[in-house]
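Just so you know, the protein sequences line up as chains A and B, in that order.
According to the working numbering, the first sequence holds residues 1 to 568 in order.
According to the working numbering, the second sequence holds residues 569 to 731 in order.
Even for Gly, the Cβ is constructed at its ideal location relative to N, Cα and C.
Heads up: the structure comes next, in structure tokens.
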Amino acid sequence: MELSGAEILIRCLQEEGVECVFGYPGGAVLFIYDALFKQDKVKHILVRHEQGASHAADGYSRASNKTGVCLVTSGPGVTNAVTGIATAYMDSIPMVIITGQVPTHAIGQDAFQEVDAVGITRPCVKHNILVKDVRELASAVKKAFHIARSGRPGPVLIDIPKDVTAASCKFEFPESISMRSYNPVIKGHPGQIKKAAQLLLEAKRPMIYTGGGVILSEAAAQLTKLVKMLGYPCTNTLMGLGGFPGSDAHFLGMLGMHGTYQANMAMQHCDVLLAVGARFDDRVIGNPQHFGEVPRKIIHIDIDPSSISKRVKVDVPIVGNVREVLGDLVKVLETNREKHDAKALKAWWAQIELWKAKDCLRYDRASKIIKPQFVVEKLYEVTKGDAIIVSDVGQHQMWTAQFYKFDKPRRWINSGGLGTMGFGLPAAMGAQIANPKATVTCVTGEASFQMCLQELSTCKQYRLPIKIVCLNNRYMGMVRQWQQFFHGNRYSESYMDALPDFVALVQSYGHSGIRIENPADVEPALKDAFKRKDELVFLDFITDQSENVFPMVPGGMGISEMILAEEL
Amino acid sequence: MRHIISILLENESGALSRVSGLFSARGYNIESLTVAPTEDPSLSRMTIVTTGSDDVIEQITKQLNKLIEVVKVVDLSESSHIERELMLIKVRAVGKDRDELKRMADIFRGRILDVTEHTYTIELTGTGAKLDAFIQAIERSVILETVRTGASGISRGERVLRA
């Protein structure tokens, strides 16, 4: 039996196990929407802006480890989705983006709503495919899903001209796929793993530094086992939070530009560093020259060879899937009878305790104005650390990363690489749809929130009971902080005048909102909001305008060159 | 340092722009780039001449390998290899220059492909340095037009680059 391209596409999505697609219709995708209408296996979530669609598909993927799918029309549909695609690309999120295109005969004619989707997205996708023939559609979809979720995951875009969705051919879903040009390495090299084990056992001042790769490869159990078995200190990057229990004694907190004093100091002064699914980026190790001044041996496990020795030279590179490699490493260490230097380790932990004693995250708990850190601490208490926290970008993101203890993976969702303001609300929608029963909270700021607030309408339509915690300081806080530190307190354009009344705003969308101005009201408000299981509640916390995120490593400085709160 | 990188990639539309886009996006140099299908029409062979430190070349190789359509990447400069470039050069060949240019073409083992009353079009093959030397050797003012292919390269001996 012959099917139309549009029907083939939907059948392929069903075969891939796609339960839900985030999208927005338009001229070039009308046949696809018609095919969607005629079936009920793939649910469609109608967003209010295509950026919302790509962020929601991204959030869905991050919260569930399923491939998020988004569907948009040609031209502005594609360009609006690009921010979300780039966001997913920077954080290696598996996602498939289906874009409509003008009919093949019109391509290149500057047709209405025509844009070179494949060209525009090329630098921010793992791969993209323009399907020019309906007979190639099924294999293109199969390929797209395969590429998106294998190896180092990432977004893959399929651009489908309108005439291809209308044309028909015999449908056959390819059972398997083999590509001579794409075969990611999964298993780590056994010799390298042995070398790594040896080096780890010889360490006097060991450190385990892990990133998003642990989350993406579902390796939290293997990592936890390794850390506890060795008794070594562990730190997570912003993307790696939840990969190791945040409340565990071996955990030194997040590292990096706003990492804890102890994590950054241990990172700088360790003699053997195990880097797992992390990429030594500028926000993590600061200036690589400064980092390189202390001699240390580095073991680096990553699925992407190009992440290894990119910014920092590595001694023992291991290319492979993090879960596989960590599993093998644990096995090697279990059979290795040689024990590590317990005395040196004790001394190292004693040093770390001294660093910890700096209490680098302390803030004024007696403040009469609401401190943002206090709100996050209370949020942790009220949700018992058991919520999926989706963050926007800015100071609130850093405070949440610092103060909310993530014990499990996929509970912390944020735009780490691209730093996309506006990510929070739509990503939270995706997370909530992937986990209908979970408590999903969006921590945001009044600036980030205004970038995608139209999605409040989507939340209403699908009854998404997201709790929005807005740390409202009337500034683009992180910009203001940098202006205070590095630009002589000249707060150029970082103050927002004419903010809306957020409570009234969310009410107009049919949600409820609470404005909180007093520290004593923080906990009751949170409790009240989280009791309302079936509705979206917006909590507008009026916080201290002058609060800064500490510690802070200024741009271009070494990771141990931190500004601490008391130094200001 | 100068490196000559050979890439075997799927002969698909867009593959070339993925490679060139990678170089511009990551700030790598391209001195020259040549590409054409191989004996297997589903594959293209590309030769890129680039410069960079060892670290940069390592990243270039890794980043190229990461492109989905790239089948294999080899840095030919790591071992003994042959490289050739073709140049077509049109020169004004009048008066005493006419004989002189014929002589020069012979010395450089070039071939005159096209002759008019006032011009010669000469074909020259060799390393980039040899082609440069020819341009240096003749009077600058007689050169009307040059077109060069950029280097193509292949390993010496038994080493082969195949899918």
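Candidates the options: closest to residue i by CA position
i: A:R149; options: A:E517, A:Y491, A:V96, A:F403; result: A:V96
i: A:A249; options: A:F550, A:Y232, A:R532, A:R474; result: A:Y232
i: A:T79; options: A:H49, A:A106, A:N65, A:S61; result: A:H49
i: A:D534; options: A:G59, A:K437, A:V131; result: A:K437
i: B:V728; options: B:G620, B:K698, B:R613, B:T684; result: B:R613
i: A:W399; options: A:A144, A:V443, A:K368, A:Q351; result: A:V443
i: B:R716; options: B:L654, B:H649, B:A604, B:K640; result: B:L654
i: A:D392; options: A:G385, A:T383, A:I413; result: A:I413
i: A:L505; options: A:V522, A:L456, A:R532; result: A:L456
i: A:C20; options: A:K43, A:L200, A:D34, A:L36; result: A:K43
i: B:A593; options: A:I120, A:D386, A:L30, A:A88; result: A:I120
i: B:G725; options: B:M569, B:S647, B:G582, B:A583; result: B:S647
Sequence-distant residues of its chain with Cβ nearer than 8 Å to residue i (five each side left out)
i: A:Q507; result: G513
i: B:I703; result: I657, I711, T714
i: A:M557; result: G286, N287, H290
i: A:F403; result: L361, Q373, V376, E377, Y380
i: A:F173; result: R11, C12, E15, A138, K142
i: A:L564; result: Y261, K358, C360, F550, P551
i: A:P409; result: V214, I215, E218, A220, G242, G243
Beta-carbon proximity of residue i to residue j, cut-off 7 Å
i: A:S217; j: A:R323; result: yes
i: B:I636; j: A:H127; result: yes
i: A:V125; j: A:C169; result: no
i: A:I298; j: A:L333; result: no
i: A:N355; j: A:M421; result: With the sequence shown as reference, residue 355 of chain A is identified as Trp, and Asn is not the correct amino acid for it. No, the Cβ-Cβ distance between A:W355 and A:M421 is not below 7 Å.
i: A:T235; j: A:L223; result: no
i: A:L471; j: A:F541; result: yes
i: A:A56; j: A:M429; result: yes
i: A:G212; j: A:G240; result: yes
i: A:I215; j: A:G243; result: yes
i: A:A278; j: A:T335; result: no
i: A:A529; j: A:L536; result: no
i: A:T99; j: A:A86; result: no
i: A:A6; j: A:T165; result: yes
i: A:L9; j: A:I45; result: no
i: A:G394; j: A:M267; result: no
i: A:G68; j: A:S61; result: yes
i: B:E707; j: A:S181; result: no
Three-state secondary structure assigned by DSSP to residue i
i: A:S139; result: helix
i: A:N128; result: strand
i: A:L199; result: helix
i: A:N435; result: coil
i: A:S168; result: strand
i: B:R577; result: Contrary to the premise, residue 577 of chain B reads as Leu rather than Arg in this sequence. Strand, per DSSP.
i: A:I93; result: coil
i: A:G417; result: coil
i: A:E566; result: helix
i: B:V662; result: coil
i: B:D622; result: helix
i: A:A290; result: As written in the sequence, residue 290 of chain A is His, which differs from the Ala given in the question. Helix, per DSSP.
i: A:C234; result: strand
i: A:K533; result: coil
i: A:R279; result: coil
i: A:K408; result: coil
i: A:N472; result: strand
i: A:R149; result: helix
i: A:F112; result: coil
i: A:G242; result: coil
i: B:H571; result: strand
Cutoff 7 Å: residue i Cβ touching any chain E Cβ
i: B:G589; result: The structure shown contains no chain E; its protein chains are A and B.
Cβ-based neighbour list, residue i, same chain, cut-off 6 Å, excluding 5 preceding and 5 following
i: A:V476; result: The amino acid at residue 476 of chain A is misidentified as Val; the sequence shows Met. Hits under 6 Å: A447, S494.
i: B:A661; result: L669, T687, Y688
i: A:N548; result: Q481
Cβ shell of residue i (< 7 Å), same chain only, five flanking positions each side left out
i: A:V115; result: S74, G75, V78, T79
i: B:D511; result: Since the displayed chain B opens at 569 and closes at 731, residue 511 of chain B lies outside it and no answer follows.
i: A:L499; result: E446, R474
i: B:N597; result: T618, T619, G620
i: A:C270; result: R205, P206, M207, R296
i: A:Q545; result: N473, R474, Y475
Residue i: CB within 6 Å of a non-hydrogen atom of the ligand NAP
i: B:S600; result: Absence of the ligand NAP from the depicted structure is noted, as is the absence of any ligand whatsoever, leaving it without description.
Where are the beta strand (DSSP E) runs, 3 residues long or more, that stay fully inside the region 39-90 of chain A, in chain order? 43-46, 68-72, all fully within the region 39-90 of chain A.
Which residue spans inside the region 303-373 of chain A form an unbroken beta strand (DSSP E) run of at least 3? Listed in chain order, they are 316-319.
I'd like the ranges of any beta strand (DSSP E) spanning at least 3 consecutive residues and lying wholly in the region 636-722 of chain B. Every unbroken stretch of the beta strand (DSSP E) spanning 3 or more residues and falling wholly within the region 636-722 of chain B is given here in chain order: 638-643, 649-660, 679-683, 687-694, 711-716.
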